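**Q** Have a look at this one.
2 protein chains.
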Amino acid sequence: MKLRLFVSFILLTSCFAVFGQENQGSSVADKGLTKVSVMYPYAEGKTFNMQYYESTHMPMVAKFLGSNLVKYTIEKGLASGIPNQPLPFMAIGTFYVKNLSEYQAAIAPNRDAIRADFSNYTNITPIILVGEVVK
Amino acid sequence: MKLRLFVSFILLTSCFAVFGQENQGSSVADKGLTKVSVMYPYAEGKTFNMQYYESTHMPMVAKFLGSNLVKYTIEKGLASGIPNQPLPFMAIGTFYVKNLSEYQAAIAPNRDAIRADFSNYTNITPIILVGEVVK
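Chains A and B supply the protein sequences, listed in that same order.
Under this note's numbering, the first sequence has 90 at position 106, and the numbering climbs by one with no breaks.
Under this note's numbering, the second sequence has 13 at position 29, and the numbering climbs by one with no breaks.
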């Protein structure tokens, strides 16, 4: 009986410990990861189909990346934060990976398939930022 | 005894349920939040003191934002993801907030203090993207 109480207590505290850590936000777990951000600059006449990007393009690329991919995010650009400035980017898709070389090795053989899919959702040539999660 | 077994089971499954949800990544919890990204473009002669930015500038701004701020992240730009292209951004600091109007109301009275601190860590004029977390 005492043992069972003890086990329940351990389970409960581990549960809160795990939950507590996760709850500190993704930044703790993400620190040190490599971010590859594919950024679509806004300009007059440029189009971007967010529905296709979210449902088809990003899942396709994510599949190529396998277990090296920790997560990916999608952002829709709404406005410039500075008054009277144009929207900087229409959309940004970001891959959080453990290892940049593995990312490059996974993308290389699929580059043509990825590029061929661009015209299905946009006429923008993206810029790509490779960065490191500091916080 | 049976009751206790049952309670242990419930505790354990709730624990995994919570952990499982959290483990889907921050994107689930972040969906719908507003992102304000302060982006520092790279150019020859531009400097950026990441240590000061992380330890002093970002915590100062975060304090102004109060409970509207869900989290903030910092990224250090390393390279362009496209060969032979210059680094697009030296750094990006991003605030994830619940409400854009509240963000603007909190920043307005502190804009001078924030701008005055720029010269302590950079000579870059940032661009600011307001976006929405799609995923």
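The beta carbon of each residue, even a glycine, is placed where N, CA and C say it ideally should be.
For clarity, every value in this text was computed on a predicted model and none was experimentally measured.
Measure from the alpha carbon of B:P72 to the alpha carbon of each residue in A:V118, A:I112, A:M44, then state which is nearest.
**A** A:I112
**Q** How long is the line joining the alpha carbons of B:K47 and B:Y87, rounded to whole angstroms?
**A** Roughly 12 Å separates the two Cα atoms.
**Q** Which same chain residues end up closer than 8 Å to B:M62 when comparing Cβ atoms and leaving out the 5 residues on each side of it in sequence?
**A** Just to set this straight, residue 62 of chain B is Leu in the shown sequence, not Met. So the list reads L71, once near-sequence residues are dropped.
**Q** As a quick exercise: from B:G65, B:Y80, B:S103, B:I76, pick the residue whose alpha carbon is nearest that of B:V49.
**A** As written in the sequence, residue 49 of chain B is Leu, which differs from the Val given in the question. It is B:Y80 whose Cα lies nearest to the Cα of B:L49.
**Q** Going by DSSP in three states, A:I91 sits in which element: helix, strand or coil?
**A** helix
**Q** What does the Cβ neighbour count give for B:G115, buried or exposed, with the cut at 16 atoms within 10 Å?
**A** When all chains shown are included, B:G115 counts as buried.
**Q** So for A:G50, helix, strand or coil by DSSP?
**A** Under the three-state reduction of DSSP output, A:G50 falls in the helix class.
**Q** How many angstroms separate the CA atom of B:N44 from the CA atom of A:R95?
**A** Just to set this straight, residue 44 of chain B is Met in the shown sequence, not Asn. About 42 Å.
**Q** Three-state secondary structure (DSSP) at B:I112?
**A** strand
**Q** Using a C-beta to C-beta distance shorter than 8 Å, which residues of chain A count as neighbours of B:M34?
**A** V118
**Q** Can you tell me whether B:E28 is helix, strand or coil according to DSSP?
**A** coil
**Q** Determine the direct distance from the alpha carbon of B:V22 to that of A:A75, and round the result to whole angstroms.
**A** Cα atoms of A:A75 and B:V22: separation of roughly 15 Å, rounded to the nearest angstrom.
**Q** Counting C-beta neighbours from all protein chains within 10 Å, is the total for B:G4 16 or more, i.e. buried, or is it exposed?
**A** Low confidence applies here, because B:G4 scores a pLDDT of 42, under 50, leaving its location unreliable; read the following figure in that light. Flag for B:G4 reads exposed.
**Q** If you measure from the beta carbon of B:I98 to each beta carbon in chain A, is any gap under 8 Å?
**A** no
**Q** Determine the DSSP secondary structure at A:S39, reduced to helix, strand or coil.
**A** helix
**Q** Could you check how far apart the C-beta atoms of A:I123 and B:K119 are, in whole angstroms? I think they sit under 8 Å.
**A** The structure shown has nothing for residue 123 of chain A, since chain A only spans -15 to 119.
**Q** Can you give the Cα-Cα distance for B:A100 and B:K30, rounded to whole angstroms?
**A** 18 Å
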